[in-house]
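Student: So that we are looking at the same thing, I have put the structure below in structure tokens.
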Amino acid sequence: MKIDQFHNSYVNSVYKTKDERKTGHVDGPTVNKTTVEISAQAKALVKRISESEDSHFSEKVEAIRRSVQEGTYAVDTDKIAEKILERIDEERLKSNE
1 MKIDQFHNSY
11 VNSVYKTKDE
21 RKTGHVDGPT
31 VNKTTVEISA
41 QAKALVKRIS
51 ESEDSHFSEK
61 VEAIRRSVQE
71 GTYAVDTDKI
81 AEKILERIDE
91 ERLKSNE
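Read in UniProt numbering, the sequence shown has 73 at position 73, and its numbers run on one by one without any break.
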């Protein structure tokens, strides 16, 4: 398929430029701004998580990520099956109440 000059300019305007792909943005005037505020409850939750006894959570996640990338991650199917059965039992108890 041949792309003529008209369609070429359309395609270029639709797709990101090389600079946009590299940096995620292109310098220039800001059209719209978005403000994000984190609630006090969310901040307290983050603090509690970081202070909890399972503070090595991110280290565990990193270890799992590495083992997946290396192809050495082993899925414990018995543990998964047990959790599924526990969840089913919990749901049954809730529906019978």
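All C-beta atoms in this analysis are idealised placements derived from N, C-alpha and C, irrespective of residue type, glycine included.
#1: When you compare only the Cα positions, how much space is there between R87 and E97?
#2: Check the C-beta distance from I64 over to Y73 and give it rounded, since I have them as a contact under 8 Å.
#3: Going straight from the alpha carbon of K43 to that of E51, what length do you get?
#4: Who are the near neighbours of D89 in its chain, counting only those whose CB is closer than 6 Å to its CB and skipping five residues on each side?
#5: Over what stretch of residues does the alpha helix (DSSP H) that includes D89 continue unbroken?
Tutor: Taking the structure as given:
#1: Taking the first residue of the sequence shown as position 1, residue 87 is located at position 87. Taking the first residue of the sequence shown as position 1, residue 97 is located at position 97. Straight-line Cα distance between these residues: approximately 16 Å.
#2: Sequence index remark: in the sequence shown, residue 64 carries index 64 (1-based). Sequence index remark: in the sequence shown, residue 73 carries index 73 (1-based). At roughly 7 Å, the Cβ-Cβ gap stays under 8 Å, so I64 and Y73 are in contact.
#3: If you number the sequence shown from 1, residue 43 lands on position 43. If you number the sequence shown from 1, residue 51 lands on position 51. Take the alpha-carbon of K43 and the one of E51: they are about 12 Å apart.
#4: Counting from one through the sequence shown, the residue named residue 89 turns up at place 89. Taken in chain order, the list of residues that qualify is empty.
#5: In the sequence shown, residue 89 corresponds to position 89, counting from 1. From DSSP, the alpha helix (DSSP H) with D89 extends over T77 to N96.
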